[in-house]
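Contents: one structure, followed by commentary.
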Amino acid sequence: MMFSMLDEPSPPPELPLGNLLPLRLKNLLENNGIYTVEAAFRAYPVQLLKLPGMGISRFKQLERILFPGENFTPRRVHPPIPQAPGSSFNGVLSPGTVQALARGGITTVEQLRAATRKDLLAIKALGPTKLREIEKALYSGVISSS
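Just so we're aligned, residue 36 is where the sequence shown starts under my numbering, counting upward by one.
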């Protein structure tokens, strides 16, 4: 007896998120590649908590809708470390200092070396403490042109 592909049972179709979730929560999941309820179940709980934009309150909202009766409580959810896209100071200086420099248009060592102390202090949220951090990194060789 010969079996064809038509004789094989097909898996049930996956249920799309559709109107099950509030629009913001649905968009957050879909922007991160989760389009079906089954995909959300596969990602629950750890992968869902790691999604950018998924805070604990959104996670709890999702849990109430898709996982009634479940109550996952993480020990500690660490927020992602903010970075400035294209900055060569990411991971070298504190995130707040990197963000302040980026807001001031400084993302490279050359731009930083060309800026005067007065230019740096004119940048919003870049005060004496962050300036000391920058100077310490520059003079200790942590930030170099190479």
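For every residue, glycine included, the Cβ atom is placed at its ideal position computed from N, Cα and C.
For arginine 167, the closest C-alpha among the options Arg110, Ser129, Phe94 is that of Ser129. In this structure, leucine 64 and isoleucine 100 do not form a Cβ contact; the two beta carbons are roughly 11 Å apart against a cut-off of 8 Å. Rounded to whole angstroms, lysine 159 and leucine 86 show a C-alpha spacing of 30 Å.
Along the length of the segment 57-104, whole alpha helix (DSSP H) runs at least 4 residues long occupy 58-66, 72-78, 81-84, 91-101, reported in chain order. For the segment 115-167, the full-length alpha helix (DSSP H) segments reaching 4 residues or more read 130-138, 144-149, 152-156 along the chain. Threonine 142 and glycine 121 do touch by the CB rule: their CB atoms are close to 5 Å apart, below 8 Å. A distance of 8 Å or more separates the beta carbons of valine 127 and isoleucine 169.
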